[in-house]
Amino acid sequence: MRSISDYVARVEKTCGEEKHFIVILRYDRKNEAIARILKRASIKKSISRMIFELAFGAVSFRLYETGKAIFRNIKSKEELQKVLASLLL
Amino acid sequence: MLNPYRIREDFPILKRRINDHPLIYLDNAATSQKPRQVIEAIREFYQSCNANVHRAVYTLSQEASELYEDAHEAVADFINADNMKEIIFVRGTTEAVNLVAYAWGLHNLKKQDEILVTLMDHHSNIVPWEILSKVNGFKIEYAEVKNDGTLDHESFEDKVSRRTKIVCLPHVSNVTGVINDIKEVAKIAHDHGALVLVDGAQSLPHLPVDVEDLDIDFLAFSGHKMLGPTGIGALYGKNMILEEMEPFHGGGSMIEEVTFDTITRRCLVSVNTLPWKFEAGTPNVSGGVGLMAAVKYLKNLGIAKVKAHEEILTKHAIDRMQECEKVKIYGPIDSSAKCGIIPFDLKEVNSHDVALFLDRYGIMIRSGFHCAQPLHEIFGLKSSARISFYIYNTCEEIDRLTEVLKEIEQF
Numbered sequence: 000m001r002s003i004s005d006y007v008a009r010v011e012k013t014c015g016e017e018k019h020f021i022v023i024l025r026y027d028r029k030n031e032a033i034a035r036i037l038k039r040a041s042i043k044k045s046i047s048r049m050i051f052e053l054a055f056g057a058v059s060f061r062l063y064e065t066g067k068a069i070f071r072n073i074k075s076k077e078e079l080q081k082v083l084a085s086l087l088l
Numbered sequence: 000m001l002n003p004y005r006i007r008e009d010f011p012i013l014k015r016r017i018n019d020h021p022l023i024y025l026d027n028a029a030t031s032q033k034p035r036q037v038i039e040a041i042r043e044f045y046q047s048c049n050a051n052v053h054r055a056v057y058t059l060s061q062e063a064s065e066l067y068e069d070a071h072e073a074v075a076d077f078i079n080a081d082n083m084k085e086i087i088f089v090r091g092t093t094e095a096v097n098l099v100a101y102a103w104g105l106h107n108l109k110k111q112d113e114i115l116v117t118l119m120d121h122h123s124n125i126v127p128w129e130i131l132s133k134v135n136g137f138k139i140e141y142a143e144v145k146n147d148g149t150l151d152h153e154s155f156e157d158k159v160s161r162r163t164k165i166v167c168l169p170h171v172s173n174v175t176g177v178i179n180d181i182k183e184v185a186k187i188a189h190d191h192g193a194l195v196l197v198d199g200a201q202s203l204p205h206l207p208v209d210v211e212d213l214d215i216d217f218l219a220f221s222g223h224k225m226l227g228p229t230g231i232g233a234l235y236g237k238n239m240i241l242e243e244m245e246p247f248h249g250g251g252s253m254i255e256e257v258t259f260d261t262i263t264r265r266c267l268v269s270v271n272t273l274p275w276k277f278e279a280g281t282p283n284v285s286g287g288v289g290l291m292a293a294v295k296y297l298k299n300l301g302i303a304k305v306k307a308h309e310e311i312l313t314k315h316a317i318d319r320m321q322e323c324e325k326v327k328i329y330g331p332i333d334s335s336a337k338c339g340i341i342p343f344d345l346k347e348v349n350s351h352d353v354a355l356f357l358d359r360y361g362i363m364i365r366s367g368f369h370c371a372q373p374l375h376e377i378f379g380l381k382s383s384a385r386i387s388f389y390i391y392n393t394c395e396e397i398d399r400l401t402e403v404l405k406e407i408e409q410f
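Respectively, the protein sequence lines represent chains A and B.
Numbering that gives the first Met the number 0 puts the first residue of the first sequence at 0, with every later residue one more than the last.
Numbering that gives the first Met the number 0 puts the first residue of the second sequence at 0, with every later residue one more than the last.
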C-alpha cells in the first residue's frame with residue numbers, strides 16, 4: 000500500500016507571518032502524483048497546464064508541473080498530511 | 000566597467016538550465032555562486048597539500064599552515080586591517096557575532112549597561128544579544144528605522160548614552176540594501192565610549208570596506224556571500240580589544256600550553272597569540288584557501304567596479320519593475336544609496352507564490368522574512384519577495400524577470 004512519502008520528497012513551512020507549506024513531489028513519481036491531485040481537486044485557473052490554481056474543500060493551493068505546490072493557510076503539518084493523504088492516496 | 004558576460008564564463012553553475020529555462024540566479028544576498036578559481040583552489044588544496052595546520056613539522060603541514068596564514072593576510076589586506084592578528088576565521092557572520100557576544104559581552108556587560116542594536120538588523124545580530132541579556136541582565140535598546148527602510152539617526156542618537164557599551168548594526172541591510180553611514184555612527188558611538196560591531200555580511204561582497212577609515216572595533220562577515228565557500232567567514236577586531244578579550248571556544252590550537260599543577264590538581268592554561276587564541280580545534284583550512292581565492296578574484300575585478308555594476312543593475316531593475324502594476328518596491332529607490340537588494344511584493348499574491356512561479360521559469364529569488372522579522376513589521380508585511388544581484392547578473396536577466404512578473408500579474 001502506498002504512503003504519502005511515496006509521492007512527497009519534502010515539506011517545508013514557509014518563512015513569514017502566513018502559515019503556508021511548500022510540498023515538493025518526488026521526481027520519479029511527480030507525474031503520477033500530479034495526475035492524482037488534478038483528478039481530486041478542482042481547477043480554478045491554469046496556465047497552459049503548467050501552473051494550476053486549485054481548491055480542495057476549504058484548502059486553496061497552487062500546483063506547478065515542476066512538482067512543487069504551495070498549500071495556503073494550513074494550520075499544522077498534521078492538517079497538511081490529512082489533505083495530502085486525501086489528494087494522493 | 001565590469002563585463003558580466005565575461006565574468007559568467009568563470010561560473011560553471013550559470014550554464015545550468017532549470018525547468019528548461021536558463022538559470023537566472025537572483026538570491027545573492029543569501030549566498031553567491033562560486034567561480035572556477037575558488038572551486039579549483041579548494042580542489043588543489045585537497046589534491047596537493049591537505050594536512051592539519053600548525054605544530055606539525057612535516058612538509059605538507061607546513062604548506063597547509065602557510066596557505067591558511069596567507070588566507071588571513073589576504074583578508075586583512077582586503078579590509079585594510081593592520082595585520083592578520085586582527086582576522087579570526089569563523090564559520091560565518093553569525094559565529095563572528097556570537098564570538099563578540101560571548102568572548103567580550105559575557106565578561107564586560109553588567110546589569111546597569113545598555114547595548115544599542117537597530118530594528119533593521121539581521122536576526123544573527125539580535126538573537127545572541129537577547130540570549131546574553133537573559134544571563135547578564137543588561138538592557139538592549141533598538142534604534143528605529145524610518146518607513147523608507149533607512150536608519151532613523153535621531154532615534155539612534157537619542158538612544159546612545161554613556162551607559163551604551165556596544166553599538167551593533169549592519170553596514171548594509173539584507174532586506175532593503177540600505178547602506179548605513181558607519182563612519183558617522185562609529186564616531187557618535189565612540190564619543191559615548193561605546194564599541195562598534197558592524198555586520199558586514201552584505202557590504203564586504205559589494206562595496207569597498209576599509210576598517211581603518213570607518214574606525215570600527217569589530218566587523219563580522221561571511222565568505223560564502225563573497226564568492227567563497229560556505230562554512231568560512233571572519234571576525235575583524237582591533238588588536239588591542241582582541242588582546243584583552245577572553246577566549247571563545249576552548250581546545251587545541253587556541254592554547255600556548257596546558258600544564259598540570261600537582262598541588263592544586265588543576266590544569267593551568269595559557270592562551271595562544273592572536274588570532275589563534277580564538278580559533279580552537281582544527282580550523283576550516285580548505286575554506287580559508289577558498290576564501291583567499293575569492294578575495295583575490297574580487298580584488299582583480301576591483302570592488303569599486305562591483306558596486307558600480309550593481310548600481311546599474313539596481314537602477315534598471317527598479318525602472319523595469321515599476322512598469323508592473325501590482326509590484327510594490329520597499330526601501331529607497333535611489334540606487335546609489337543602496338546595494339543591489341530589492342524587496343518587493345505583488346498585490347494579492349504572497350511572496351512564496353511569486354518565488355515558486357519564478358522558479359518555474361528558472362529564476363531563483365528569496366521569499367519570507369529574510370531573517371529580519373522586525374523590519375517586516377515596520378513595513379507592515381507578512382513576508383516579502385527579494386531579488387539581489389552580483390557581478391554575473393545582467394540587465395537582460397532583469398528584463399526576463401520583469402516579463403515573468405507581468406505574467407504573474409495576469410494569472
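Even glycine gets a Cβ: it sits at the ideal position worked out from N, Cα and C.
query: Residue interval of the beta strand (DSSP E) (run including I340(B)); result: 340 to 345
query: Contact belief for M225(B) with L297(B) at Cβ below 8 Å, rounded distance in angstroms; result: 6 Å
query: Min CB distance H351(B) to chain A below 7 Å; result: yes
query: Within chain A, partners of F356(B) - CB distance below 9 Å; result: I50, R61, Y63
query: Test item: CB-CB of K381(B) and E11(A) under 7 Å; result: no
query: Listed by chain order, chain A residues near G367(B) by CB distance under 7 Å; result: T13, C14, G15
query: Rounded straight-line distance, which links the Cα of L131(B) to that of G104(B); result: 8 Å
query: Inter-residue spacing [alpha-carbon to alpha-carbon] between L203(B) and S41(A); result: 49 Å
query: Presumed contact (8 Å Cβ cut-off) between V89(B) and L234(B), rounded CB distance; result: 6 Å
query: Beta-carbon contacts of K44(A) that lie in its chain and below 6 Å, excluding the five residues immediately before and after; result: E52
query: Contact between the stretch 185 to 201 of chain B and the stretch 342 to 361 of chain B (3+ Cβ pairs under 8 Å); result: no
query: Continuous alpha helix (DSSP H) assignments of at least 4 residues falling wholly in the stretch 121 to 147 of chain B; result: 126 to 135
query: Residue-level contact to chain A via CB, R161(B), 7 Å cutoff; result: no
query: Assumed close pair S123(B), G148(B) - CB separation to whole angstroms, cut-off 8 Å; result: No, S123(B) and G148(B) are not in contact; Cβ-Cβ is about 19 Å, not under 8 Å.
query: 8 Å contact criterion, which H19(A) and F70(A) should meet: CB distance rounded; result: 6 Å
query: Min CB distance K67(A) to chain B below 7 Å; result: yes
query: Top-ranked residue by Cα proximity to V116(B), from G379(B), A371(B), I407(B); result: A371(B)
query: From E78(A), E31(A), V7(A), residue whose alpha carbon lies closest to that of A57(A); result: E78(A)
query: Beta-carbon proximity list for D26(B), same chain, < 7 Å, skipping 5 on both sides; result: M363, I364, R365, S387
query: Proximal residues of chain A, C-beta to C-beta of K381(B) below 9 Å; result: G15, E16, E17
query: Assumed close pair C167(B), I114(B) - CB separation to whole angstroms, cut-off 8 Å; result: 7 Å
query: Interface flag, R399(B) vs chain A, CB-CB below 7 Å; result: no
query: Within chain B, the residues that I46(A) reaches when beta carbons sit closer than 7 Å; result: F410
query: 7 Å Cβ cut-off: residues of chain A touching N18(B); result: T65
query: Host alpha helix (DSSP H) of Y45(B) (start-end); result: 35 to 47
query: Of the residues D333(B), E43(B), V52(B), the one placed nearest G176(B), counting alpha carbons only; result: D333(B)
query: Expected contact under 8 Å - CB spacing of V99(B) and M119(B) to nearest Å; result: Rounded, the Cβ-Cβ distance is 19 Å, inconsistent with contact.
query: F220(B), enclosing alpha helix (DSSP H) - first and last residue; result: Unbroken run through F220(B) is the beta strand (DSSP E), 217 to 221; no alpha helix (DSSP H).
query: Near-chain B residues of the stretch 17 to 39 of chain A (beta-carbon distance less than 9 Å), N- to C-terminal order; result: E17, H19, I21
query: Collapsed DSSP secondary structure at A233(B) in the structure displayed; result: strand
query: Anticipated Cβ contact below 8 Å, S413(B) with Y389(B), distance rounded; result: The requested residue 413(B) does not occur in the structure, where chain B is confined to residues 0 to 410.
query: Buried versus exposed, by CB contacts within 10 Å (16 or more), N146(B); result: exposed
query: Counted within 10 angstroms of its Cβ, other Cβ atoms place V294(B) as buried (16 or more) or exposed; result: buried
query: Contiguous beta strand (DSSP E) assignments of at least 3 residues, all confined to the stretch 303 to 376 of chain B; result: 326 to 328, 340 to 345, 365 to 367
query: Cβ neighbour criterion (16 or more within 10 Å) applied to T13(A); result: buried
query: Nearest-angstrom Cα separation, counted from Y63(A) out to E278(B); result: 46 Å
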